[in-house]
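A.B. asks: Read top to bottom, the protein sequences are chains A and B. The first sequence runs 1 to 232 under our numbering. The second sequence runs 1 to 232 under our numbering. My questions all concern the structure below.
2 protein chains.
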Amino acid sequence: MSLEIVPIEGIGAVAPGDDLLSILGEALGDLRPRTGDVLVVTHKIVSKAEGRVVHIDGDPEEFKQAFVEAEAKSIVRRRGDLIIAETKHGFICANAGIDRSNAESGTMILLPEDPDRSARRIKQRIDHVFGIDLAVIISDTFGRPWRRGLTDVAIGVAGMAPILDLKGTTDWSGYVLDVTEVSVADELASAADLVMGKAAGIPAALIRGYQVPAGDGSGSDLVRPPSEDLFR
Amino acid sequence: MSLEIVPIEGIGAVAPGDDLLSILGEALGDLRPRTGDVLVVTHKIVSKAEGRVVHIDGDPEEFKQAFVEAEAKSIVRRRGDLIIAETKHGFICANAGIDRSNAESGTMILLPEDPDRSARRIKQRIDHVFGIDLAVIISDTFGRPWRRGLTDVAIGVAGMAPILDLKGTTDWSGYVLDVTEVSVADELASAADLVMGKAAGIPAALIRGYQVPAGDGSGSDLVRPPSEDLFR
């Protein structure tokens with residue numbers, strides 16, 4: 001079955017204290033969301049609505065560095081201005097997820113306090129308004145150690161299992177797949193980014209026609225446990 | 001604009017020596033590919049058609065380990081049976097890309113010798129048959145150091161630049177983006193995987209409605225140069 005990725009227009013700028021749940025509900029109206037749809041929302045508008053914004057005091061680069069050091073659970077690598085840090089959620093990413101793009105002038109945006117809670121709240125409201133059962137992903141843009149360029153990943157999840165576990169299923173040739181876990185939540189986040197884009201001002205997308213793995217997972221399911229980590 | 005991802009049905013099993021270009025051309029017929037479409041093909045059928053298949057001699061796990069060591073340019077990490085290796089193309093992935101899933105019994109599949117050349121050949125044929133100009137991505141499934149689960153990435157590219165460079169463009173708030181390079185080829189590969197899936201037997205997908213970055217890039221554009229690598 002084909003899959004459709006629809007950009008959600010009309011959300012506009014979001015400021016601290018804005019009622020993001022109502023804004024999303026309204027913007028989704030014309031699309032008539034259905035059970036089984038996946039709503040992907042970039043964390044930027046979630047963080048803004050939740051007030052996770054700081055005002056830069058002094059030199060922006062110095063302020064950011066000091067803030068990253070204070071916010072990070074640990075610093076994983078550092079070269080020049082670049083800091084790869086572990087956030088308190090366990091995500092490993094540049095600047096502990098703190099970012100100036102799509103922020104108001106003179107401010108920086110932090111990650112949501114609890115992206116899974118943010119995803120659940122959005123799901124509850126949208127499910128209630130439209131009488132449906134949809135999946136919600138909060139996305140962010142991460143780098144990768146050995147590949148150039150950024151891709152979007154899932155940092156908060158509600159209404160689905162973020163990983164599709166194919167262990168024990170057979171492929172078409174009859175071979176039993178062993179350690180095959182697919183991070184479909186990250187693939188959905190990346191797919192949604194193709195219609196959003198940092199420069200386009202579209203902060204959310206609806207994905208239709210994808211059968212999500214059933215379950216009640218979270219974004220932290222996608223964090224590799226430190227005991228399995230060969231690269232820290 | 002919405003984006004559509006269409007699974008390409010009817011390709012079936014591919015064996016060494018098969019004329020993959022004709023098989024793809026035929027399978028695409030009903031979809032009437034258009035200029036601007038992106039054709040994503042999993043490397044498995046490309047490798048098979050190109051004869052990049054080895055017959056396992058002795059214990060499969062021992063044979064695989066020995067073969068990985070022989071094929072890899074370097075071994076990056078190792079724990080138990082798991083080998084993270086650099087392929088001769090520069091990709092860093094498990095088992096240097098050698099895989100038993102979707103292989104005939106008693107065989108293993110290697111990466112294509114030159115995935116960019118494979119992508120160019122497919123593009124040339126499909127462009128010629130349908131009188132169009134499309135982009136082609138050869139995909140593979142890679143793990144990530146800090147995130148659980150696999151996602152599909154682009155290892156071969158033709159007819160597009162794999163990275164969208166937003167440097168110098170402004171976001172909606174007027175902030176000038178600096179080091180923002182988006183790996184759209186990897187995002188397209190991940191999006192295509194959502195309709196393919198290892199277990200479903202669909203080895204290719206057509207993505208419609210995405211405006212690819214113009215250019216004549218390659219899969220190796222996505223390999224981070226060792227000089228910028230903090231994690232090897």
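We put the beta carbon where it would ideally sit given N, CA and C, even for glycine. Fair warning: this is a prediction, and the values are worked out from it, not measured in the lab.
(1) Taking the beta carbon of Asp30 of chain B as the centre, do at least 16 other beta carbons fall within 10 Å, making it buried, or is it exposed?
(2) Can you name the residues that DSSP bridges to Thr107 of chain B?
(3) Against chain A, with Cβ distances strictly below 7 Å, would Asp163 of chain B count as a contact?
(4) Using the Cβ count rule (16 or more neighbours within 10 Å means buried), how would you classify Met1 of chain A?
(5) Comparing the C-beta of Ala158 of chain A with each C-beta of chain B, is any distance below 7 Å?
(6) Along the chain, where does the alpha helix (DSSP H) containing Thr66 of chain B start, and where does it finish?
(7) Within 10 angstroms of its Cβ, does His241 of chain B collect 16 or more other Cβ (buried), or is it exposed?
(8) Quick check: the Cα distance between Gly51 of chain A and Gly197 of chain A, rounded to an integer number of angstroms?
(9) How many whole angstroms separate the CB atoms of Val6 of chain A and Ala205 of chain A, which I take to be in contact at a CB cut-off of 8 Å?
(10) Flag Ala96 of chain B as yes if its beta-carbon sits less than 7 Å from any beta-carbon of chain A, otherwise no.
(11) Rounded to a whole number of angstroms, what is the C-alpha to C-alpha distance between Lys64 of chain B and Gly149 of chain B?
(12) Establish whether the CB of Pro16 of chain B and some CB of chain A are separated by less than 7 Å.
(13) If we call anything under 7 Å between Cβ atoms a contact, is Ser190 of chain B one with Ser190 of chain A?
(14) Give the interface partners of Val41 of chain B over in chain A, defined as CB-CB distance under 8 Å, in chain order.
(15) Do you know whose CA, among A:Ser220, A:Leu164, A:Asp216, A:Gly217, lies nearest Asp193 of chain B's CA?
(16) Between Ile23 of chain A and Val40 of chain B, what straight-line distance do the alpha-carbon atoms span, to the nearest angstrom?
(17) How far does the alpha helix (DSSP H) with Ser22 of chain B in it extend, from its first residue to its last?
(18) Hey, could you find the ends of the alpha helix (DSSP H) Ala85 of chain A is sitting in?
(19) In the DSSP assignment, what are the bridge partners of Gly156 of chain B?
(20) Is the Cβ of Pro145 of chain B closer than 7 Å to any Cβ of chain A?
(21) Using a Cβ-Cβ cutoff of 7 Å, what residues of the stretch 189-210 of chain B are near chain A? List them in chain order.
(22) Using a beta-carbon distance below 7 Å, is Thr151 of chain A in contact with chain B?
(23) When the Cα atoms are used, what is the spatial distance from Ile92 of chain B to Phe231 of chain A?
(24) Assign Pro162 of chain B to one of three DSSP states: helix, strand, or coil.
(25) Give the DSSP-derived three-state secondary structure of Leu230 of chain B in the structure shown.
(26) Taking the alpha carbon of Val195 of chain B as the reference point, which residue from B:Leu20, B:Arg34, B:Thr42, B:Leu21 has its own alpha carbon closest?
(27) Span of the alpha helix (DSSP H) holding Ser74 of chain B?
(28) What three-state label does DSSP hand Arg144 of chain B in the structure shown?
(29) So with CB distances below 9 Å, who are the chain B contacts of Arg79 of chain A?
(30) In three-state DSSP terms, what is Arg208 of chain A?
(31) Would you kindly check if the distance between the Cβ of Gly156 of chain B and the Cβ of Gly219 of chain B is under 7 Å?
(32) Between the Cα of Asp216 of chain B and the Cα atoms of B:Arg144, B:Asp114, B:Gly90, B:Ala119, which residue gives the shortest distance?
(33) When you compare each of A:Arg125, A:Thr35, A:Ser47, A:Arg32 to Ala13 of chain A by their alpha carbons, which one comes out closest?
(34) From which residue to which residue does the alpha helix (DSSP H) around Val14 of chain A run?
(35) Looking at the secondary structure, which residues open and close the alpha helix (DSSP H) in which Val195 of chain B lies?
(36) Assuming Thr107 of chain A contacts Ala96 of chain A under a Cβ cut-off of 8 Å, what Cβ separation, rounded to an integer in Å, is found between them?
C.D. replies: In terms of the structure at hand:
(1) Residue mapping note: residue 30 of chain B aligns to position 30 of the second sequence, counting from 1. When all chains shown are included, Asp30 of chain B counts as exposed.
(2) Indexing the second sequence from 1 puts residue 107 of chain B at position 107. Bridge partners of Thr107 of chain B: B:His55.
(3) Against the second sequence, residue 163 of chain B aligns to sequence position 163. Rather than Asp, the amino acid found at residue 163 of chain B in this sequence is Ile. At least one chain A Cβ lies under 7 Å of Ile163 of chain B.
(4) Counted from its first residue, the first sequence places residue 1 of chain A at position 1. Per the 10 Å Cβ criterion, exposed.
(5) Numbered from its first residue, the first sequence carries residue 158 of chain A at position 158. False, the Cβ-Cβ gap to chain B never drops below 7 Å.
(6) On the second sequence, position 66 is the one that residue 66 of chain B refers to. Here residue 66 of chain B is Ala; the residue named in the question, Thr, does not match the sequence. Taken as a continuous stretch (DSSP letters only), the alpha helix (DSSP H) holding Ala66 of chain B covers 60-71.
(7) Because residue 241 of chain B is not part of the residues shown, which for chain B are 1 to 232, the question remains open.
(8) Residue mapping note: residue 51 of chain A aligns to position 51 of the first sequence, counting from 1. Residue mapping note: residue 197 of chain A aligns to position 197 of the first sequence, counting from 1. Distance between the alpha carbons of Gly51 of chain A and Gly197 of chain A: 23 Å.
(9) The sequence position of residue 6 of chain A within the first sequence is 6, counting from 1. The sequence position of residue 205 of chain A within the first sequence is 205, counting from 1. Contact holds; Cβ gap of about 6 Å.
(10) The sequence position of residue 96 of chain B within the second sequence is 96, counting from 1. Not closer than 7 Å to any Cβ of chain A, the Cβ of Ala96 of chain B fails to qualify, so no.
(11) Working through the second sequence from its first residue, we reach residue 64 of chain B at position 64. Working through the second sequence from its first residue, we reach residue 149 of chain B at position 149. Cα to Cα, the separation comes out at about 22 Å.
(12) Mapped onto the second sequence, residue 16 of chain B falls at position 16. For Pro16 of chain B, the answer is no, since every Cβ of chain A falls outside 7 Å of its Cβ.
(13) Start at 1 with the first residue of the second sequence, and residue 190 of chain B comes out as number 190. Start at 1 with the first residue of the first sequence, and residue 190 of chain A comes out as number 190. Result yes, Cβ atoms of Ser190 of chain B and Ser190 of chain A sit closer than 7 Å.
(14) Numbered from its first residue, the second sequence carries residue 41 of chain B at position 41. In chain order: nothing, as chain A lies at least about 16 Å away.
(15) Taking the second sequence and counting its residues from 1, one reaches residue 193 of chain B at position 193. Looking at the Cα atoms, A:Leu164 is the closest of the given residues.
(16) In the first sequence, the residue the question calls residue 23 of chain A occupies position 23. In the second sequence, the residue the question calls residue 40 of chain B occupies position 40. Each residue's alpha carbon lies about 35 Å from the other.
(17) Walking along the second sequence from the start, residue 22 of chain B turns up at place 22. 20-28 is the span of the alpha helix (DSSP H), which, as asked, contains Ser22 of chain B.
(18) Against the first sequence, residue 85 of chain A aligns to sequence position 85. No alpha helix (DSSP H) contains Ala85 of chain A, which is instead part of the beta strand (DSSP E) from 82-86.
(19) The sequence position of residue 156 of chain B within the second sequence is 156, counting from 1. Gly156 of chain B is bridged to B:Ile138.
(20) If you number the second sequence from 1, residue 145 of chain B lands on position 145. Output row for Pro145 of chain B: interface = yes.
(21) Ser190, Ala191, Asp193, Leu194, Val195, Lys198, Ala199, Gly201, Tyr210
(22) Within the first sequence, the letter at position 151 stands for residue 151 of chain A. Closer than 7 Å: yes.
(23) Position 92 of the second sequence, counted from the start, is the residue given in the question as residue 92 of chain B. Position 231 of the first sequence, counted from the start, is the residue given in the question as residue 231 of chain A. Roughly 13 Å separates the two Cα atoms.
(24) Walking along the second sequence from the start, residue 162 of chain B turns up at place 162. Residue state, collapsed to three classes: coil.
(25) For the purposes of this step, residue 230 of chain B is taken as residue 230 along the second sequence, with counting starting at 1. If DSSP states are grouped into helix, strand and coil, Leu230 of chain B belongs with coil.
(26) Looking up residue 195 of chain B in the second sequence gives position 195. Closest by alpha carbon: B:Thr42.
(27) Against the second sequence, residue 74 of chain B aligns to sequence position 74. No alpha helix (DSSP H) contains Ser74 of chain B, which is instead part of the beta strand (DSSP E) from 74-79.
(28) Numbered from 1 along the second sequence, position 144 holds the residue referred to as residue 144 of chain B. In this structure, Arg144 of chain B counts as coil in the three-state DSSP scheme.
(29) The residue given as residue 79 of chain A occupies position 79 in the first sequence. By Cβ distance, chain B contributes Glu228, Leu230.
(30) Here residue 208 of chain A is taken as the residue at index 208 of the first sequence, counted from 1. Reduced to three states, the DSSP call for Arg208 of chain A is strand.
(31) Numbered from its first residue, the second sequence carries residue 219 of chain B at position 219. Numbered from its first residue, the second sequence carries residue 156 of chain B at position 156. Yes, these two residues count as a Cβ contact at 7 Å.
(32) The count along the second sequence starts at 1 and reaches residue 216 of chain B at position 216. For the residues B:Arg144, B:Asp114, B:Gly90, B:Ala119, the minimum Cα distance to Asp216 of chain B belongs to B:Ala119.
(33) For the purposes of this step, residue 13 of chain A is identified with residue 13 of the first sequence, where counting begins at 1. When each option's Cα is compared against that of Ala13 of chain A, the closest is A:Ser47.
(34) Mapped onto the first sequence, residue 14 of chain A falls at position 14. From DSSP, Val14 of chain A is part of no alpha helix (DSSP H); its letter is neither H nor E.
(35) By one-based count along the second sequence, residue 195 of chain B stands at place 195. Here the alpha helix (DSSP H) through Val195 of chain B covers 184-196.
(36) In the first sequence, counting from the first residue as 1, residue 107 of chain A sits at position 107. In the first sequence, counting from the first residue as 1, residue 96 of chain A sits at position 96. The Cβ separation is near 16 Å, so there is no contact.
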